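S.K.: Numbering (our numbering) for the sequence shown: 6 to 261. Think of the CB as a built atom: it goes at the ideal place given N, C-alpha and C, for glycine as much as any other residue. Fair warning: this is a prediction, and the values are worked out from it, not measured in the lab. There's a structure below that I have some questions on.
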Amino acid sequence: MTTNQEAVAEHRDTEALLAVIDAADRLPGAARLRDRSYELLAPAPGSTVVDVGCGAGRAVAELAGRGVHAVGVDPSPRMLAAARERWPEAEFRAAGAEELPFADESVHGYRADKVFHVLEEPGRAVAEARRVLRPGGRIVLVGQDWDAIMIDSDDAALTRTIVHARADLLGAPRAGRQYRGMLLAGGFAAVTVEVHTSVFTDPAMLSLLTRLAEPACASGAVARDRADAWLAEQRRRAEAGRFLVAVPVFVAAASA
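Structure below.
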């Protein structure tokens, strides 16, 4: 593949990811969950909050709108470019969760939404959060547990295989259920955990099941014909009004 072809492919991947992020932001309950994360951060006006893995930057803009000095951090140059285009008044920096561009004990709040499941070593990110947070600063982690997605299906065994196979392709697919342990191991105090379960019956969520089945099939965990049959069953369910997916989202908070 030529350099130009690689650039085109990367651009398409970024556009696809932005489409997924935008769709997730529009899901029922998404705004409520973001608001809950801001409440748990409890930032004072003028305080500095870092949003790690900021993606398209919506949370950074919303926090800034609350009078907070919000800084978005993301390792993807293309994602940062999109965020800066969408929110030109907001502040964004290039960095990964394991190495933040902040001095020791320099920020009041740390937020990471749907980030830790893609990290190979989320414990390193927790240690980095502890480093940059001031004493008493707040950390909030938000994310789904990819191994706990619930889907109504006639074939429960195949559904479990698809969900688990897709989860196993991620760095830390069970990070959500591990937030409490991570924060305690990282030296944080007053750790709390909430679980908000989103239930979807809209056929538009069939795209999520495709994003589960296709990687599971590509990995060899599920044969092509079985994956196609499973997706066909879900389409029939959607047409008959019997479609249901439930996604538990963990929200953990603690103090440095």
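Are the C-beta atoms of A226 and some chain B residue less than 8 Å apart?
M.R.: Of the protein chains in this structure there is only one, and it is not chain B.
S.K.: Which one of D40, M84 and S81 has the shortest CA to CA distance from G70?
M.R.: By 1-based counting over the sequence shown, the position of residue 70 is 65. Among D40, M84 and S81, the Cα nearest to that of G70 belongs to D40.
S.K.: Is T164 near the ligand COA - that is, is its Cβ less than 7 Å away from at least one heavy atom of it?
M.R.: Among the components modelled here there is no ligand, and therefore nothing to report on the ligand COA.
S.K.: Going straight from the alpha carbon of V250 to that of A153, what length do you get?
M.R.: Position 245 of the sequence shown, counting from 1, holds the residue named residue 250. Position 148 of the sequence shown, counting from 1, holds the residue named residue 153. Rounded to the nearest angstrom, the two C-alpha atoms are 11 Å apart.
S.K.: Please state if the CB of R135 and the CB of G191 are separated by a distance shorter than 8 Å.
M.R.: For the purposes of this step, residue 191 is taken as residue 186 along the sequence shown, with counting starting at 1. For the purposes of this step, residue 135 is taken as residue 130 along the sequence shown, with counting starting at 1. Closer than 8 Å, so yes.
S.K.: Does the segment 220-227 come close enough to the segment 169-188 to have 3 or more Cβ pairs within less than 8 Å?
M.R.: Touching, per the Cβ criterion.
S.K.: In angstroms, rounded to a whole number, what distance separates the CA positions of F255 and V204?
M.R.: In the sequence shown, counting from the first residue as 1, residue 255 sits at position 250. In the sequence shown, counting from the first residue as 1, residue 204 sits at position 199. Near 14 Å, if we compare the C-alpha coordinates of V204 and F255.
S.K.: Helix or strand or just coil, what does DSSP make of R242?
M.R.: For this step, residue 242 is matched to residue 237 along the sequence shown. Of the three classes helix, strand and coil, the one that applies to R242 here is helix, per DSSP.
S.K.: If you draw a straight line from the C-alpha of R98 to the C-alpha of A177, how long is it?
M.R.: Residue mapping note: residue 98 aligns to position 93 of the sequence shown, counting from 1. Residue mapping note: residue 177 aligns to position 172 of the sequence shown, counting from 1. Taking the straight line joining both Cα atoms gives about 24 Å.
S.K.: Within a Cβ cutoff of 7 Å, which residues of the same chain sit near S52, ignoring the five residues on either side of it in sequence?
M.R.: Position 47 of the sequence shown, counted from the first residue, corresponds to residue 52. If we look at S52 and ignore the five residues flanking it on each side, its Cβ neighbours are V73, H74, H113 and G114.
S.K.: Nearest CA to the CA of S42: which residue from D157, L138, A245 and E67?
M.R.: The count along the sequence shown starts at 1 and reaches residue 42 at position 37. The option with the nearest alpha carbon to S42 is E67.
S.K.: So what does T53 bridge to, in DSSP terms?
M.R.: Within the sequence shown, the letter at position 48 stands for residue 53. Beta-bridge pairing links T53 to H74.
S.K.: Report yes or no: do the segment 45-62 and the segment 81-96 share at least 3 C-beta pairs separated by less than 8 Å?
M.R.: Yes, they touch.
S.K.: Where does D109 land, buried or exposed, given buried means 16+ other C-beta within 10 angstroms?
M.R.: Residue 109 sits at position 104 when you count from the first residue of the sequence shown. Exposed, because fewer than 16 other Cβ atoms sit within 10 Å of the Cβ of D109.
S.K.: For the candidate residues E126, V137 and D157, whose alpha-carbon lies nearest to that of R116?
M.R.: Within the sequence shown, the letter at position 111 stands for residue 116. When each option's Cα is compared against that of R116, the closest is V137.
S.K.: For H113, report the span of its beta strand (DSSP E) as first-last.
M.R.: Working through the sequence shown from its first residue, we reach residue 113 at position 108. Where H113 is concerned, the enclosing beta strand (DSSP E) stretches over V112 to D118.
S.K.: With H, G and I counted as helix, E and B as strand and the rest as coil, what does DSSP make of N9?
M.R.: For the purposes of this step, residue 9 is taken as residue 4 along the sequence shown, with counting starting at 1. Because N9 sits at a pLDDT of 39, beneath the cut-off of 50, its placement in the model cannot be relied upon, and the point is left open.
S.K.: E103 and E133 - do their beta-carbons sit closer together than 8 Å?
M.R.: Translated into the one-based positions of the sequence shown, residue 133 becomes position 128. Translated into the one-based positions of the sequence shown, residue 103 becomes position 98. Yes. Within cutoff.
S.K.: Alpha helix (DSSP H) containing G128: first to last residue?
M.R.: Here residue 128 is taken as the residue at index 123 of the sequence shown, counted from 1. Run containing G128: P127 to V137, per the alpha helix (DSSP H) assignment.
S.K.: Which value, in whole angstroms, describes the spacing of the CA atoms of P37 and R182?
M.R.: Reading the sequence shown from its first residue, position 32 is the one you call residue 37. Reading the sequence shown from its first residue, position 177 is the one you call residue 182. Checking the sequence, you will find Arg at residue 37 rather than Pro. R37 and R182: Cα-Cα distance of roughly 20 Å.
S.K.: Tell whether a beta-carbon distance below 8 Å holds between G77 and D56.
M.R.: On the sequence shown, position 72 is the one that residue 77 refers to. On the sequence shown, position 51 is the one that residue 56 refers to. Result yes, Cβ atoms of G77 and D56 sit closer than 8 Å.
S.K.: Helix, strand or coil, according to DSSP, for S203 in the structure here?
M.R.: Residue numbering aside, residue 203 sits at position 198 when the sequence shown is read from its first letter. Strand, per DSSP.
S.K.: I need the DSSP call for S260, collapsed to helix, strand or coil.
M.R.: Residue 260 sits at position 255 when you count from the first residue of the sequence shown. Correct three-state label for S260: strand.
S.K.: Can you tell me which of A259, R129 and D230 puts its alpha carbon nearest to the alpha carbon of R185?
M.R.: Reading the sequence shown from its first residue, position 180 is the one you call residue 185. Out of A259, R129 and D230, A259 has the C-alpha closest to the C-alpha of R185.
S.K.: Could you tell me the distance, in whole angstroms, from the CA atom of A209 to the CA atom of E44?
M.R.: Against the sequence shown, residue 209 aligns to sequence position 204. Against the sequence shown, residue 44 aligns to sequence position 39. Between A209 and E44, the C-alpha separation is close to 30 Å.
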